[in-house]
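In what follows, a structure is listed as structure tokens, so that the remarks can point back to it.
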Amino acid sequence: MSQSFPPIGEYAYLSDCHTAALIGPDGAVEWLCAPRFDSPSVFARILDRERGGAWELEVSGTRVVERDYVPGTLVLRSRWAGEQGDVTVYDFLAARTPPGSAEVGPTGRLVRLVTCDQGRARVRSRVRARPGYGVREGRWEASSRQIMEREGLLFSADPLPALMEGGLPGVDAELAAGEAVAMALDYPATPTEPVTRADAERLRDETVRAWQRWSARSDYDGAGATQVRHSAVVLRGMLFDESDALIAAPTTSLPEWPGGPRNWDYRYMWPRDAGLVVLELLRLGHEEEAGRYVGFLLSRCDDAAARLAPVFCIDGAEVAGEKNQEHLAGYLDSLPVRTGNEAATQHQLDVYGHVLEAALAYHEVTGKLTEVDLTRLWHVVDINAKRWREPDSGIWEVQGPERHWTHSKLYAWACFDRAIRLAEHVGSTQVPITRWRRERELVREDVLNHEYDDAVGSFVQSYGSTNVDASLLRLPLLGFLDGDDPRVVATLERIDAELGDGTGLIHRYDPGATEDGMDSPEGAFLLCSFEMISALVLAGRAAEAERRFAALCERAGSLGLFSEQMTTDGTMLGNYPQAFTHLSIIQAALNLDEAGRTDALHGWADRRGGVSR
Numbered sequence: 000m001s002q003s004f005p006p007i008g009e010y011a012y013l014s015d016c017h018t019a020a021l022i023g024p025d026g027a028v029e030w031l032c033a034p035r036f037d038s039p040s041v042f043a044r045i046l047d048r049e050r051g052g053a054w055e056l057e058v059s060g061t062r063v064v065e066r067d068y069v070p071g072t073l074v075l076r077s078r079w080a081g082e083q084g085d086v087t088v089y090d091f092l093a094a095r096t097p098p099g100s101a102e103v104g105p106t107g108r109l110v111r112l113v114t115c116d117q118g119r120a121r122v123r124s125r126v127r128a129r130p131g132y133g134v135r136e137g138r139w140e141a142s143s144r145q146i147m148e149r150e151g152l153l154f155s156a157d158p159l160p161a162l163m164e165g166g167l168p169g170v171d172a173e174l175a176a177g178e179a180v181a182m183a184l185d186y187p188a189t190p191t192e193p194v195t196r197a198d199a200e201r202l203r204d205e206t207v208r209a210w211q212r213w214s215a216r217s218d219y220d221g222a223g224a225t226q227v228r229h230s231a232v233v234l235r236g237m238l239f240d241e242s243d244a245l246i247a248a249p250t251t252s253l254p255e256w257p258g259g260p261r262n263w264d265y266r267y268m269w270p271r272d273a274g275l276v277v278l279e280l281l282r283l284g285h286e287e288e289a290g291r292y293v294g295f296l297l298s299r300c301d302d303a304a305a306r307l308a309p310v311f312c313i314d315g316a317e318v319a320g321e322k323n324q325e326h327l328a329g330y331l332d333s334l335p336v337r338t339g340n341e342a343a344t345q346h347q348l349d350v351y352g353h354v355l356e357a358a359l360a361y362h363e364v365t366g367k368l369t370e371v372d373l374t375r376l377w378h379v380v381d382i383n384a385k386r387w388r389e390p391d392s393g394i395w396e397v398q399g400p401e402r403h404w405t406h407s408k409l410y411a412w413a414c415f416d417r418a419i420r421l422a423e424h425v426g427s428t429q430v431p432i433t434r435w436r437r438e439r440e441l442v443r444e445d446v447l448n449h450e451y452d453d454a455v456g457s458f459v460q461s462y463g464s465t466n467v468d469a470s471l472l473r474l475p476l477l478g479f480l481d482g483d484d485p486r487v488v489a490t491l492e493r494i495d496a497e498l499g500d501g502t503g504l505i506h507r508y509d510p511g512a513t514e515d516g517m518d519s520p521e522g523a524f525l526l527c528s529f530e531m532i533s534a535l536v537l538a539g540r541a542a543e544a545e546r547r548f549a550a551l552c553e554r555a556g557s558l559g560l561f562s563e564q565m566t567t568d569g570t571m572l573g574n575y576p577q578a579f580t581h582l583s584i585i586q587a588a589l590n591l592d593e594a595g596r597t598d599a600l601h602g603w604a605d606r607r608g609g610v611s612r
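Numbering (numbering that gives the first Met the number 0), first residue to last: 0 to 612.
So this is what it looks like as structure tokens:
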């Protein structure tokens with residue numbers, strides 16, 4: 000039976016850099032995995048209205064009239080108004096700043112603070128936890144001042160909570176102007192003092208300070224500055240505090256098309272994100288995070304014998320196979336609801352180029368790669384040299400047959416190109432640069448001879464294909480060809496004509512013309528839509544790029560967040576918020592800001608580090 004869900008773009012996102020929560024427009028916490036991003040869910044109503052579980056909040060006779068984030072933070076502020084009174088609600092995953100650091104660290108506590116601003120307000124809250132992706136109801140036991148769930152949650156409140164009807168923990172309170180209700184959910188349950196109003200206010204202020212200290216480390220005020228700064232905070236919330244891995248998104252199985260099967264678990268780390276993550280962190284002044292991310296990435300290369308896995312768990316472990324959570328109905332009846340990700344078993348050739356792209360950018364700016372780091376990187380290049388002639392599953396992780404994707408060959412070329420430049424920069428004499436140069440030229444010839452089709456007048460998706468896909472936008476972004484090369488310009492125009500919807504949205508490919516193992520449509524890909532903007536800048540069409548950027552940014556959700564995909568009418572689809580989308584926003588804005596001075600995405604690091612091509 001069909002269930003009613005809020006639009007994906009109307010959910011608020013909280014993070015403490017350890018896990019994340021999503022709050023619906025009615026104030027219910029509908030998604031929380033604890034204690035980590037990839038832990039089983041405590042609340043999953045976003046995937047099933049009946050079995051998922053949620054932390055409900057109601058203020059009788061009022062409705063939510065305004066929501067925003069405290070500037071530079073992921074502290075949500077909601078204003079509820081009604082005839083009898085108005086309240087302000089602060090929701091946040093409590094964070095701290097470690098001594099001597101500007102970092103954001105977790106405390107393992109989700110806090111809700113409800114304050115009556117004027118009049119009177121009747122507050123009702125219920126914690127309908129259903130741990131383990133909704134497989135069971137919470138089992139709660141009350142003590143004198145707290146309520147504990149038998150397998151690891153602790154609920155406290157001021158005024159004191161009670162076990163309500165059905166054995167649910169909750170609060171019922173009547174507030175006068177100036178009075179407040181404070182509530183906290185601790186995970187896992189540890190010996191902590193029950194929350195008080197003073198505690199909640201202190202934690203709110205500390206969390207705001209922690210986020211704002213981090214945000215203040217970037218003074219970017221160029222093109223799209225508001226969206227760039229917000230996207231940076233969103234991304235920082237996806238960097239796992241323990242390992243510095245970046246998750247692709249904090250959710251699983253939000254559909255790429257309503258009712259369809261394109262529903263995936265994105266609570267993992269993809270090396271494919273590496274080049275953009277590192278370069279954009281550096282460009283915004285977050286060198287420390289860039290360095291830790293590179294460190295995590297290179298540590299994974301130790302285990303790469305015949306290949307580097309395309310997906311890792313956030314602690315660096317291998318990703319388990321997929322499991323269908325068959326008891327969950329799915330967002331808008333979109334099945335299956337998956338946990339795990341079988342893309343980890345695929346061969347994806349482009350990962351090697353992404354790793355070298357990230358490493359080169361980091362070293363050009365900081366000079367901090369060690370000999371151990373370099374040894375790991377040379378090993379990655381060796382794998383690339385052995386495997387670049389093979390077909391693979393490609394950037395889109397298709398479930399159809401492997402093929403020779405143009406995008407994969409571009410990154411095989413980039414792997415050699417960045418390795419050569421890095422070796423020259425560090426003065427290494429122990430690596431086969433001459434052989435790498437020869438291999439780089441062979442890949443280049445392969446792409447130009449097999450992936451450009453004179454008959455259709457553009458580059459194509461893969462060997463033997465006449466279709467385009469939007470991954471070809473990387474041709475100028477990688478510096479493989481100049482942005483104003485006629486072959487690049489023709490390819491951009493064909494992508495826009497065949498995969499664009501006329502509003503600035505770009506589909507990644509035509510599902511009807513690309514065998515991907517899925518019989519379903521999908522939305523336009525926001526990553527590709529913003530990368531078109533970067534490509535247009537490099538093609539010398541900055542004015543058009545600027546118009547597109549402004550139009551796309553206006554389509555953000557009410558809290559400035561973007562998912563993976565979008566329909567022409569602005570409906571967001573796919574996991575949310577999406578790291579790749581927010582990275583591509585930063586990339587597009589910074590490239591717009593450097594229009595006329597940037598020859599490719601990598602040009603900024605070249606100039607910053609004093610490296611010439």
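Idealized CB from N, CA, C, for every residue including glycine.
When the options are compared against residue i, the one with the closest alpha-carbon
i	options	result
residue 518	381, 259, 251	259
residue 33	72, 78, 92	92
residue 25	44, 18, 16	44
residue 579	273, 388, 319, 479	273
residue 494	516, 204, 470	470
residue 357	295, 155, 229, 212	295
residue 403	227, 202, 461	461
residue 225	283, 398, 317, 121	283
residue 313	398, 35, 397, 323	35
Element boundaries [beta strand (DSSP E), containing residue i]
i	result
residue 182	179-185
residue 32	28-32
residue 42	40-42
residue 140	139-141
residue 53	53-58
residue 79	75-81
residue 94	84-95
residue 168	168-175
residue 306	No beta strand (DSSP E) contains residue 306, which DSSP labels as neither H nor E.
residue 153	152-157
Nonlocal neighbours in the same chain, by C-beta distance under 7 Å from residue i, ignoring five residues either side
i	result
residue 556	8, 9, 571
Alpha helix (DSSP H) segment containing residue i, residue limits
i	result
residue 586	578-592
residue 225	224-235
residue 214	196-214
residue 382	370-386
residue 274	273-282
residue 417	405-425
residue 351	350-365
residue 289	286-299
residue 473	473-476
Residues sharing a beta bridge with residue i, DSSP
i	result
residue 2	Answer by DSSP bridge pairing: none, since residue 2 is not bridged.
residue 251	264
residue 564	524, 572
residue 132	Partner(s): none; residue 132 has no beta bridge.
residue 621	Past the boundaries of the shown model lies residue 621; the chain is included only from 0 to 612, so the question cannot be answered.
Other residues of its chain near residue i: CB distance less than 6 Å, five sequence neighbours each side excluded
i	result
residue 410	349, 352
residue 600	Because the pLDDT at residue 600 is just 45, under 50, the model does not fix this residue reliably, and the point stays unresolved.
residue 121	59, 173
residue 244	268, 295, 313
Residue i in three-state terms, based on DSSP
i	result
residue 126	strand
residue 540	coil
residue 20	strand
residue 490	helix
residue 615	The structure shown has nothing for residue 615, since the chain only spans 0 to 612.
residue 15	coil
residue 599	The predicted model places residue 599 with a pLDDT of 45, which falls under 50 and marks its position as unreliable; any figure quoted below should be read in that light. Residue state, collapsed to three classes: coil.
residue 436	helix
residue 631	Here the chain covers residues 0 to 612 and nothing more, so residue 631 does not appear.
residue 257	coil
residue 609	Low local confidence applies: a pLDDT of 37 at residue 609 is under 50, so the model's placement there is unreliable, with the coordinate-based value given in what follows. Residue 609 falls in the coil class under three-state DSSP.
residue 547	helix
residue 311	strand
residue 604	Any reading at residue 604 needs caution, since the residue's pLDDT is 43, under 50, leaving its predicted position unreliable; the model's value is listed next. Of the three classes helix, strand and coil, the one that applies to residue 604 here is helix, per DSSP.
Spatial neighbours of residue i in its chain, beta-carbon cut-off 8 Å, leaving aside the 5 residues before and after
i	result
residue 2	47, 48, 49, 328, 331, 332
residue 597	Bear in mind that the predicted position of residue 597 carries a pLDDT of just 47, short of 50, making it too unreliable to give a figure here.
residue 299	270, 307, 308, 311, 315
Residue i: CB within 7 Å of a non-hydrogen atom of the ligand SAH
i	result
residue 243	Of the ligands one can find in the structure shown there are none, so the ligand SAH has no counterpart to examine.
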